[in-house]
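Those letters in the sequence shown? Residues 66 to 290, by my numbering.
Positions of the beta carbon are idealized from the N, C-alpha and C atoms, including for glycine.
All remarks here apply to the structure that follows.
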Amino acid sequence: MLNIFVAILPALLFILLFYLLNKDFVTKRWYILLLLLVIGALGSYVCYRFEMHYGSYFKKIKDCNYLEVLFYAVFGVAIFEEGYKWVVSTIPSIIDKCVDSLSIVTYSVFTSIGFALFENIVYFAIPYGISTSIGRLFTAFPSHICNAIWMGYFLSLFKEKKGPIRYLYLILSIIAPIIVHALYNSFLYGKDATLMNYHIYYYVSLCIVSIILLVITIKKRFRNS
66 MLNIFVAILP
76 ALLFILLFYL
86 LNKDFVTKRW
96 YILLLLLVIG
106 ALGSYVCYRF
116 EMHYGSYFKK
126 IKDCNYLEVL
136 FYAVFGVAIF
146 EEGYKWVVST
156 IPSIIDKCVD
166 SLSIVTYSVF
176 TSIGFALFEN
186 IVYFAIPYGI
196 STSIGRLFTA
206 FPSHICNAIW
216 MGYFLSLFKE
226 KKGPIRYLYL
236 ILSIIAPIIV
246 HALYNSFLYG
256 KDATLMNYHI
266 YYYVSLCIVS
276 IILLVITIKK
286 RFRNS
């Protein structure tokens with residue numbers, strides 16, 4: 066039971082964080098955010114099925130060089146997971162006419178929280194126990210949130226900008242999270258010691274840049290208020 070609690074804990078922490086960052090919006094749109102949590106969670110299972118099916122078309126990881134592993138990480142995993150989350154996050158971001166940049170990021174984050182929560186419980190905490198749950202508390206779960214921040218950041222620019230340039234940001238809102246997600250996975254799949262060392266540096270850099278993007282978004286909120 067403790068392993069389930071630890072698997073749920075990061076979801077509670079990030080929900081609390083974004084409630085504190087965007088209290089009025091979360092209070093007014095709680096029903097949409099709850100729906101995004103549920104749809105995000107369902108997406109974890111949907112994407113798992115896609116990954117199991119299409120993963121069979123790729124070479125076994127042990128027989129791959131790094132570029133082949135990266136190719137698999139992009140087209141066998143990240144494209145499904147981030148693509149699903151992008152569709153779910155983009156719909157309310159475009160339909161809702163009263164959202165600012167931070168609120169769009171909040172939509173993306175809540176979708177990812179639901180996705181990562183289901184993944185944490187069903188695919189890791191239950192079969193592998195508390196040690197895996199603890200590890201993911203500090204790594205995999207925050208990485209999903211980082212991907213969501215990148216996605217929401219570019220979606221917010223798409224909604225703010227005028228003219229053809231806005232569609233570049235729309236494309237980046239799906240391409241950027243796919244790439245950062247795939248890079249995160251690519252350093253881990255082969256269990257290569259050197260690549261796993263690179264993963265540490267990459268993960269720290271990803272968190273730092275994601276925090277910077279979030280701070281930029283928050284500052285924009287204050288400038289426009």
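Which residues in the same chain have their Cβ closer than 6 Å to the Cβ of residue i, if we skip the five residues on either side of it in sequence?
| i | result |
| --- | --- |
| F83 | T171 and V174 |
| L279 | I214 |
| S221 | S166 and I169 |
| I104 | V153 |
| A181 | F206 and H209 |
| A143 | I243, H246 and A247 |
| Y249 | S208 |
| F123 | Y137 and G141 |
| A76 | I178 and L182 |
| Y285 | Sequence check: residue 285 is Lys here, not Tyr. S166. |
| D257 | none |
Note down the Cα distance separating residue i from residue j, rounded to an integer number of angstroms.
| i | j | result |
| --- | --- | --- |
| I283 | V164 | 13 Å |
| A72 | S166 | 29 Å |
| A106 | C129 | 31 Å |
| I186 | V139 | 24 Å |
| F145 | K93 | 30 Å |
| D199 | L99 | Here residue 199 turns out to be Ile, not Asp, going by the sequence shown. Computed Cα separation, rounded: 25 Å. |
| C112 | C272 | 24 Å |
| F287 | L86 | 12 Å |
| L132 | I277 | 29 Å |
| P192 | M66 | 12 Å |
| E116 | Y188 | 13 Å |
| I39 | V274 | There is simply no residue 39 to check, as the chain begins at 66 and stops at 290 in what is shown. |
| T176 | T259 | 33 Å |
| E225 | K162 | 11 Å |
| K227 | Y96 | 30 Å |
| F70 | P229 | 47 Å |
| S270 | V91 | 29 Å |
| L74 | P157 | 26 Å |
| Y119 | K150 | 18 Å |
| S196 | L78 | 19 Å |
| G194 | N68 | 6 Å |
| G148 | S121 | 20 Å |
| G108 | K88 | 26 Å |
What is the C-beta distance between residue i and residue j, in whole angstroms, given that I count them as a contact (C-beta under 8 Å)?
| i | j | result |
| --- | --- | --- |
| I126 | Y254 | 5 Å |
| Y102 | I159 | The residue you asked about is not Tyr; residue 102 is Leu in the sequence shown. 19 Å between Cβ atoms; not a contact. |
| Y110 | F183 | 7 Å |
Against chain D, does residue i count as a neighbour if the rule is that its beta carbon must be under 8 Å from one of theirs?
| i | result |
| --- | --- |
| F123 | In the structure shown, chain D does not exist; there is a single protein chain. |
In chain order, what residues of the same chain lie with their CB nearer than 8 Å to the CB of residue i, ignoring the 5 residues before and after it?
| i | result |
| --- | --- |
| F223 | R231, Y232, Y234, L235 and S238 |
| A241 | W215, M216 and F219 |
| V134 | I126, S251, Y254 and G255 |
Keeping to the same chain, check which residues put their C-beta closer than 7 Å to that of residue i; ignore five residues upstream and five downstream.
| i | result |
| --- | --- |
| Y263 | F252 |
| R201 | N185 and F189 |
| T155 | L220 |
Original post:
Considering only residues of the segment 66-120, which uninterrupted alpha helix (DSSP H) runs meet the minimum length of 4 residues and lie entirely inside it, listed in chain order?
Top reply: 67-86, 88-93 and 95-120
Original post:
Which runs of the alpha helix (DSSP H) fall wholly inside the segment 136-183 and span at least 4 residues, in chain order?
Top reply: 144-160 and 166-183
**OP:** Mind listing, in chain order, the continuous beta strand (DSSP E) runs of no fewer than 3 residues lying wholly within the segment 174-243?
**Re:** none
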